[in-house]
Amino acid sequence: MPVCKKCGDEVEELVAATLDGKKLRVCEQCADLAREQSEIAAASESVMQQMMGFKGRR
Ligand SMILES: [Zn+2]
Numbered sequence: 081m082p083v084c085k086k087c088g089d090e091v092e093e094l095v096a097a098t099l100d101g102k103k104l105r106v107c108e109q110c111a112d113l114a115r116e117q118s119e120i121a122a123a124s125e126s127v128m129q130q131m132m133g134f135k136g137r138r
């Protein structure tokens, strides 16, 4: 059985996911997590940019 590169669990099928900019073969659970985290990172980045833009204008 293939082993997830992230959590080390044995799973029936691995899926490709991007973790910290690296492509890895992970289980579906980890792929979901990675997707969520990259969305959160992208969202918080835009919030940061908004805050900085707001500060810059004052
Ligand atoms: Zn996993």
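First residue of the sequence shown: 81, per this note's numbering; consecutive thereafter.
In this text, a Cβ means the ideal position worked out from N, Cα and C, and glycines have one as well.
- Message: Quick check: does the Cβ of Asp112 come within less than 7 Å of any heavy atom belonging to ligand 1?
- Response: In this structure, Asp112 has its CB at a distance of at least 7 Å from all heavy atoms of ligand 1.
- Query: To the nearest angstrom, how far is it from the Cα of Lys102 to the Cα of Lys86?
  - Reply: Between Lys102 and Lys86, the C-alpha separation is close to 12 Å.
- Test item: CB-CB of Ser118 and Thr98 under 8 Å: In contact: Ser118 and Thr98 (Cβ atoms closer than 8 Å).
- Less than 8 Å between the CB atoms is what I'm expecting for Ala111 and Val95, so what's the real figure, rounded? In this structure Ala111 touches Val95 by the C-beta definition: roughly 5 Å separates them, less than 8 Å.
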